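Numbering (UniProt numbering), first residue to last: 1 to 273.
Built from N, CA and C at the ideal position, the CB exists for glycine as well.
Here the structure is a predicted model, which means the values were calculated and not measured.
Below is one structure, written out as structure tokens, with a few remarks after it.
Encoded structure:
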């Protein structure tokens, strides 16, 4: 629905009145079609400016944006990438245009394929939550940095939205997953199957025996293989931890005294979380 035409205070239109209404409807339809064309042109312009910004030409985008909508967001900025359902494309554009107007232009967005890319000021980052909640879509948000680093921020947001797609619609912050380290990026769908197979001996043993080998192994790795610290956290004797880890090594067929084996097992645990 693009608009509503209401006619009031007239019991019944005569021929002249009907002709006037017909003319008004025709003009209104033409105006709405022109507005749709203008919206499409504005969307293409935004997409072009977005590509320019990601290529490093922020000055061009700043000049055009200042004439069209207002200044670009003040630094530091964040980049958010949200999936763009085709059925919500127009409504999402209108939603963001209203927020651009509210901020005198200090929010920029553009379509990039099947996604929409939003550049916002750091203090305005709640717009990501608004989009996720209003449209029930996954959104990834970058760290905060200067406009000159938009390409890097865009890459961060892409990695974050990939993680967001693996769970219920909502926002994933790059800062949250980067704190987990490089191994956190192994938690993709294809890695999960391999990780599950790696851990299956421990999972199966715990299920059959009612033990906690998997949790003990995870805690032991979190404490850098320190038996005393692990025992203290678990509330058991260190010899109990030693026997559990020895059993885990036997079930896994791995010697966990070396870094490589521990790192591989830790990656498997991350991928199945």
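Nonlocal neighbours in the same chain, by C-beta distance under 7 Å from residue i, ignoring five residues either side
| i | result |
| --- | --- |
| residue 214 | 199, 202, 203, 206 |
| residue 37 | A caution first: residue 37 carries a pLDDT of 49, below 50, which makes its placement in the model unreliable, though a value can still be read off. Correct list: empty, nothing qualifies. |
| residue 117 | 50, 79, 81, 109, 110, 154 |
| residue 194 | none |
| residue 68 | none |
| residue 225 | 262 |
Per DSSP, the bridge partner or partners of residue i
| i | result |
| --- | --- |
| residue 173 | 141 |
| residue 118 | 80, 109 |
Where residue i falls: helix, strand or coil (DSSP)
| i | result |
| --- | --- |
| residue 231 | helix |
| residue 159 | helix |
| residue 72 | coil |
| residue 276 | Outside the shown range of the chain, which is 1 to 273, sits residue 276, and nothing can be said about it. |
| residue 201 | helix |
| residue 125 | coil |
| residue 44 | helix |
| residue 154 | helix |
| residue 273 | coil |
| residue 59 | helix |
| residue 103 | coil |
| residue 136 | coil |
| residue 85 | coil |
| residue 212 | coil |
| residue 179 | coil |
| residue 224 | coil |
| residue 146 | coil |
Contacts around residue i, its chain only, beta-carbon distance under 8 Å, and the 5 residues preceding and following it disregarded
| i | result |
| --- | --- |
| residue 60 | 49, 52 |
| residue 124 | 73, 103, 106, 107 |
| residue 55 | 151 |
| residue 161 | 81, 82, 83, 115, 138, 139, 140, 172 |
| residue 46 | 108, 109, 110, 111 |
| residue 76 | 121, 122, 144, 145, 146 |
| residue 275 | Here the chain comprises residues numbered 1 to 273, so residue 275 is not present and cannot be evaluated. |
| residue 261 | 254, 255 |
| residue 64 | 45, 49 |
| residue 275 | Residue numbering for the chain in the displayed model covers 1 to 273; residue 275 lies beyond these limits and cannot be assessed. |
| residue 233 | 219, 223 |
Sequence-distant residues of its chain with Cβ nearer than 6 Å to residue i (five each side left out)
| i | result |
| --- | --- |
| residue 173 | 141 |
| residue 223 | 229, 230 |
| residue 216 | 244 |
| residue 268 | 195, 198, 199 |
| residue 58 | 147 |
| residue 1 | Low per-residue confidence applies at residue 1: pLDDT is 49, beneath 50, and the placement is therefore not dependable, though the value from the model is reported in the following sentence. Nothing listed; no residue qualifies. |
| residue 129 | 171 |
Residue-level contact to chain C via CB, residue i, 7 Å cutoff
| i | result |
| --- | --- |
| residue 267 | Note that chain C does not occur in the displayed structure, where there is just one protein chain. |
Which whole runs of the alpha helix (DSSP H) in the stretch 227 to 271 are 4 residues long or more, in chain order?
227 to 234, 238 to 252, 259 to 271
For the stretch 144 to 152 against the stretch 82 to 89, do three or more pairs of beta-carbon atoms, one drawn from each stretch, fall closer than 8 Å, so that the two count as touching?
No, the stretch 144 to 152 does not touch the stretch 82 to 89.
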